[in-house]
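Sequential numbering from 947 applies to the sequence shown in this note's numbering.
To start, the structure under review is shown below, and the notes come after it.
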Amino acid sequence: MRIPLLLAAGLISFSVFLLLGAVLAALLNRAKAQNNTGATLSLASSATTVQVGQTFTVGVGLNSPVSQISGVDVMLSYNNTLTDVTDAQLGNTTLKLLAPQTDTGQFDLAKAVRVDATDSAKSILHLGVASFDLAAQQPTASISGNFDPATNPLAKITFTAKKPGKVNIDWQFDGVGVTSDSNAVSNDGGVTTEVLSAAPAGVTLNVIQACSAIDFNGNKNIDIQDIQQVAALWNTFSGDQNYNSLYDLDQNGAIDIRDIQMVAGRWLEVCP
Ligand SMILES: [Ca+2]
Ligand SMILES: [Ca+2]
């Protein structure tokens, strides 16, 4: 009798082991499935090249094939010596609250932008869109599906180009925490869940000088004369007698190789 009893106990133990394994596998699969069906965010810029002083807009898109999204944290970094955020507006979706807000119910740009603590040349824009209508004082519907960043964005951010260079606008996404980075949040029966599944791609664009700013002699052509004029002031610095800010195209206080390269890079261009 002893051997069959041991056998039975062994079989039961083995069955329990199998059952636990199956439950664990099911749980893991569920977690994986949730992650795979998570939402993604996107950006689209209105231009790939802009001139100093011009504005461009960056739309925020969302693709959430399964989850109902009731709020999105948009956290972007950008090079603040080349560009600044000058406005943000909601798109045409039911996410009708744009945060942060001032006491008088306007979008609070000053509160939304801060200089990065570890890199003063980088600024962080953090805004939120949520399913609430402040004017009507009531919640609005959640959203799901595809919201194209160029044609149907959740929000549109206006930037002004300040200085020539390559602008990178990148998402801040660490995948943890509900408020410390970019998120898409679903609200299922009052339980909020972060469903953003991957780091979204950013956008890049080039800020350039207007043709007229480089056409120093005003003959409507960027030509060898313009190159010679800036080259003649090479290695002069702000405060020097010969320094002329007109030729300091990137406004860094020095007329150097970069300024000459900027003229040479536009050589033979005909100004409108
Ligand atoms: Ca010229
Ligand atoms: Ca310069």
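Ideal Cβ positions, reconstructed from N, Cα and C, are used throughout, including at glycine.
Predicted model only: the values in this text are computed from it and were never measured.
Helix, strand or coil, according to DSSP, for residue 1192 in the structure here? In the structure shown, residue 1192 sits in a helix (DSSP, three-state: H, G or I).
Is it true that the CB of residue 1206 sits closer than 8 Å to the CB of residue 1173? A contact, by the Cβ cut-off of 8 Å.
Spatial neighbours of residue 1067 in its chain, beta-carbon cut-off 7 Å, leaving aside the 5 residues before and after: Closer than 7 Å at Cβ, skipping near neighbours: 1025, 1026, 1027.
Residue ranges of each beta strand (DSSP E) run of no fewer than 3 residues wholly in the region 1092-1129, ordered along the chain? Unbroken beta strand (DSSP E) stretches of 3 residues or longer found wholly inside the region 1092-1129: 1101-1107, 1111-1117, given in chain order.
Less than 8 Å between the C-beta atoms of residue 995 and residue 1103, yes or no? At a Cβ-Cβ threshold of 8 Å, residue 995 and residue 1103 do not count as neighbours.
Tell me, please, which residues DSSP counts as bridged to residue 1178. Partner residues in a beta bridge of residue 1178, as assigned by DSSP, do not exist.
Span separating the alpha-carbon of residue 1073 from that of residue 1146: As the crow flies, the alpha-carbon of residue 1073 is around 16 Å from that of residue 1146.
Taking the alpha helix (DSSP H) that residue 1207 falls in, what are its first and last residues? From DSSP, the alpha helix (DSSP H) with residue 1207 extends over 1203-1211.
With a Cβ-Cβ cutoff of 8 Å, do residue 1113 and residue 1150 count as a contact? At a Cβ-Cβ threshold of 8 Å, residue 1113 and residue 1150 count as neighbours.
Please state the DSSP three-state secondary structure of residue 1171. The three-state reading of DSSP puts residue 1171 in helix, counting H, G and I together.
Counted within 10 angstroms of its Cβ, other Cβ atoms place residue 1002 as buried (16 or more) or exposed: With 16 or more other Cβ atoms within 10 Å, it is buried.
Got a sec, what are the start and stop residues for the alpha helix (DSSP H) residue 1184 sits in? Here residue 1184 belongs to no alpha helix (DSSP H), and DSSP marks it neither H nor E.
Any heavy atom of ligand 2 inside 7 Å of the beta-carbon of residue 1204? At least one heavy atom of ligand 2 is nearer than 7 Å to the Cβ of residue 1204, so yes.
For the alpha helix (DSSP H) containing residue 1159, list its first residue and its last residue. Note, residue 1159: alpha helix (DSSP H), 1157-1160.
DSSP on residue 1042, reduced to helix/strand/coil? Coil.
Can you list, in chain order, the residues of its chain whose CB lies under 7 Å from that of residue 1144, leaving out five sequence neighbours each side? In chain order, 986 place their CB closer than 7 Å to the CB of residue 1144, counting only its own chain and leaving out the 5 sequence neighbours on each side.
Rank 1175, 1199, 1195 by C-alpha distance to the C-alpha of residue 1186 and give the top, closest one. With distances taken between Cα atoms, residue 1186 lies closest to 1199.
With a threshold of 7 Å (Cβ to nearest heavy atom), would residue 1198 be considered close to ligand 2? In this structure, ligand 2 has a non-hydrogen atom nearer than 7 Å to the beta-carbon of residue 1198.
Any heavy atom of ligand 2 closer than 7 Å to the CB of residue 1195? Yes, ligand 2 has a heavy atom inside 7 Å of this Cβ.
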